[in-house]
Structure formats: structure tokens, C-alpha cells
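Asker: For what it's worth, the numbering used here labels the leading residue of the sequence shown as 358, then goes sequentially.
Ideal placement from N, C-alpha and C gives every residue a C-beta, glycine not left out.
Just so we're clear, the structure is a prediction, and the values are computed from it rather than from any experiment.
Sharing a structure below in C-alpha cells format, with a few things to ask.
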Amino acid sequence: MNHLLSIQDLPLKTVQDFFKQAEFYRDHEAAASLSGKTVGLLFFENSTRTRSSFETATRKLGGSPLSLNIATSSVQKGESPVDTAKNIVALGASAIVMRHSASGSVGDAARAAGVPVINGGDGTREHPSQALLDAFTLQSHWGSLQDKRVLIVGDIAHSRVAHSNLALLPRLGAKVTVCGPPTLLPQKAFLGPVESTSDLDAVLPRADAIMTLRLQMERFEGTGHIPSAAEYRQFWGLTRDRLKLLPQQSLILDPGPTQLGVALDPEAAQDPRALILQQVHSGVWIRMAILNWALGVKGMKSS
Ligand code: CP
């Protein structure tokens with residue numbers, strides 16, 4: 358069964374097939390490949406982009422999204438995520454897209470649901486569709502990620518976006534560096550080929566792209582990770598002044614939600630080098646490709 362739980366499970370050929378299909382959807386009208394199919398959207402954690410993007414992708418492919426409002430659902434009476442997923446399948450869902458704050462819970466649902474389950478973000482672990490759309494956005498601009506220097510800045514330790522990107526971008530040939538407060542960087546042993554630093558001003562002038570990440574305060578256990586948001590901005594924010602250190606042809610990404618005034622200044626989000634809304638736009642095409650793959654749609658045209 359084609360679950361998408363971790364980017365690490367995807368062969369590179371499948372990743373490139375997703376990119377080709379996303380390019381096709383960028384340039385052509387989609388066929389109704391999911392006609393008659395229902396996709397269950399179970400977001401136990403808040404979302405703007407991922408949920409709306411999978412919903413839009415399902416509709417563009419002629420399918421029907423079944424989006425559960427968790428706040429008014431029987432989850433509030435104690436029903437478990439796994440039972441919720443099984444009931445949405447019993448209501449006719451052919452696939453589930455799920456987000457949950459507990460790392461591993463999407464995998465639990467995948468083992469029980471009996472249909473393909475797509476990870477829409479599980480705890481601090483992975484957010485594979487975000488990494489795919491990030492890489493697709495970069496590849497669309499550069500043609501290839503080979504030897505491109507990608508700098509990921511922020512709360513790497515708690516970021517499922519960072520974890521999926523760290524597993525994907527080096528496989529596509531990118532040279533990745535993570536940067537942030539020492540308390541929010543992973544142990545070097547987990548980083549493999551990825552460089553690690555806390556000195557943003559030293560690495561920014563060499564970056565072909567910078568991806569800013571928000572501080573995930575909701576995942577901080579107690580205090581002590583950073584002295585204050587103001588101090589974070591001073592050392593690790595992509596501030597208006599720091600924009601001058603970023604080469605003119607470099608790109609600015611942020612998966613959102615953007616933490617304006619902390620992770621990046623409004624001037625950085627509005628800079629001509631910023632692709633933040635392009636990431637959101639590309640996400641729909643990538644998620645169309647993911648849904649086709651998960652549901653075993655054969656013979657999809659790709660450019
Ligand atoms: N990038 C991302 O996952 O955004 P949402 O939390 O709005 O889905």
C-alpha cells in the first residue's frame with residue numbers, strides 16, 4: 358500500500374516522477390483521475406496550507422475531500438485518532454491525509470486504516486509533502502539542486518519540515534547547512550553530510566537559498582531554549598539589514614506560517630528573492646501527484 362509516512366521511504370525515481378507530474382499539472386488542466394474517490398482529511402493540529410492544499414488537489418483531480426472538523430468531532434469525547442481514521446474509511450474514504458502533534462501517530466493510523474495514509478505532519482518527526490514541494494520549488498528555479506548550497510535557519514530540533522528536508526535535499530545533490538541557536542540544533546551525529554553552525558552572518562553570503570523556520574514554542578518543553586524572541590531575531594532572524602548579506606541571485610523560502618519580526622522581517626518576506634507564496638502554489642501540484650500515487654492511478658501524463 359502506498360503510504361507516504363517518511364520522505365526516506367520514497368525512492369529518488371518516485372520523487373522525480375512527482376516533480377514531472379507536478380510540472381505537467383502546472384502547465385495543463387488535470388484529468389479527473391480521482392473521480393468517485395473520497396479523501397479523508399484528519400488534521401488534529403491546526404493547518405492553513407497543508408490542509409487547504411490537499412483539499413484543493415483532491416478537487417482538481419475530480420475527487421471529494423472529507424475534511425473532519427476535529428474541534429466539533431467525537432475526538433472531543435475521547436475517540437482515538439486511529440478509531441477516527443477507521444470510521445472515516447468506513448464512511449467511504451479511499452485515502453487519509455493526517456496531521457497529529459504526537460510523533461508516530463500517523464504511522465499508527467496507517468497500520469490500522471486499510472487505505473493509503475499520507476503524513477500531513479507528525480509531531481516533530483516528518484512533513485514529507487512539504488519537503489517535496491520545497492525541493493520542487495527550488496528545482497523549478499534552478500533546473501537542478503546539484504551542488505546548490507541550501508541554508509536552513511531556525512528551530513531545527515522541533516521542525517518536521519527541517520527533518521524531511523534534511524533527508525531529501527542532500528539526495529537531490531544539494532549541500533545543506535543548518536543554522537540556529539545551539540539549543541535548537543540536532544546533535545552532529547544525526548546530521549550526516551549536513552553542516553551545522555550557529556553563525557548566520559558567516560554562512561549567509563555563501564547561500565544559494567535560505568529557508569527560515571519559525572520557533573515552535575508549542576513544542577518547547579519548559580523554557581531555556583532561547584533567552585527571548587528579540588534575541589533570537591538579533592542573531593538568527595533574516596532581518597532587513599541581514600538581507601544585504603544574501604547574494605542577489607539567492608532565494609528565500611519559508612514553509613509558513615511565517616513568524617514575521619522574529620524568524621524573518623516583513624521586508625524579507627516581500628523581497629523579490631522570496632518564493633514563499635510560490636511554495637504554496639507549487640504545493641497543490643505536488644499534492645496532486647502524491648494523491649495519484651497513493652491511490653494507484655496509472656498512466657498519468659507527465660511533461
Ligand atoms: N507549512 C505548513 O505545514 O503550513 P500549515 O501548518 O499551515 O499546514
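Can you have a look at Arg468 and say buried or exposed, based on whether 16 or more other CB atoms are within 10 angstroms of its CB?
Answerer: Per the 10 Å Cβ criterion, exposed.
Asker: Check the C-beta distance from Asp440 over to Val463 and give it rounded, since I have them as a contact under 8 Å.
Answerer: The pair is not a contact, with the Cβ atoms about 15 Å apart (cut-off 8 Å).
Asker: Does the distance from the C-beta atom of Leu523 to that of Leu608 stay below 9 Å?
Answerer: Going by C-beta atoms, Leu523 is not nearer than 9 Å to Leu608.
Asker: Is His498 near ligand 1, going by C-beta to nearest heavy atom under 8 Å?
Answerer: Every heavy atom of ligand 1 is 8 Å or more from the Cβ of His498, so no.
Asker: For Glu483, name the three-state secondary structure that DSSP assigns.
Answerer: In the structure shown, Glu483 sits in a strand (DSSP, three-state: E or B).
Asker: Hey, could you find the ends of the beta strand (DSSP E) Pro422 is sitting in?
Answerer: Looking at the DSSP string, the run of the beta strand (DSSP E) that includes Pro422 is Ser421 to Leu425.
Asker: Taking the DSSP output, what are the residues bridged to Met657?
Answerer: Per DSSP, none; premise fails for Met657.
Asker: Tell me the rounded alpha-carbon separation between Gln635 and Ala564.
Answerer: Roughly 19 Å separates the two Cα atoms.
Asker: Determine the DSSP secondary structure at Ser639, reduced to helix, strand or coil.
Answerer: Looking at Ser639 - three-state DSSP - the assignment turns out to be helix.
Asker: Just to confirm the assignment, what range does the alpha helix (DSSP H) spanning Phe376 have?
Answerer: That run of the alpha helix (DSSP H) goes Leu369 to Asp384.
Asker: Could you give the first and the last residue of the continuous alpha helix (DSSP H) run that contains Ala469?
Answerer: Ala469 -> alpha helix (DSSP H) spans Ser462 to Ala470.
Asker: By a C-beta neighbour count over all protein chains shown, 10 Å radius and 16 as the cutoff for buried, is Thr665 buried or exposed?
Answerer: With the chain covering 358 to 660 only, the question about residue 665 has no answer from this structure.
Asker: Less than 8 Å separating the Cβ of His484 from some heavy atom of ligand 1?
Answerer: Answer for His484: yes, Cβ within range of ligand 1.
Asker: Specify, as a first and last residue, the run of the beta strand (DSSP E) that Glu552 falls within.
Answerer: It spans Glu552 to Thr554 - the beta strand (DSSP E) in which Glu552 sits, taken as one unbroken run.
Asker: Beta-carbon within less than 6 Å of Leu572's beta-carbon, same chain only, minus the 5 sequence neighbours each way: which residues are those?
Answerer: Closer than 6 Å at the Cβ level, and outside the excluded window around Leu572, lie Asp512.
Asker: DSSP three-state call for Met568: helix, strand or coil?
Answerer: Three-state DSSP puts Met568 in a strand.
Asker: Who are Val474's beta bridge partners in DSSP?
Answerer: Ile453.
Asker: For a test of your reading of the model: does the CB of Thr407 fall under 8 Å from any non-hydrogen atom of ligand 1? Yes or no.
Answerer: Result yes, Cβ under 8 Å from ligand 1.
Asker: Across the region 646-657 and the region 372-391, are there enough close Cβ pairs to call them in contact, namely three or more that are closer than 8 Å?
Answerer: Because the criterion of three Cβ pairs below 8 Å is met, the region 646-657 and the region 372-391 touch.
Asker: Using DSSP's beta-bridge definition, name the partner residues of Arg506.
Answerer: Looking at the DSSP assignment, Arg506 forms a beta bridge with Lys532.
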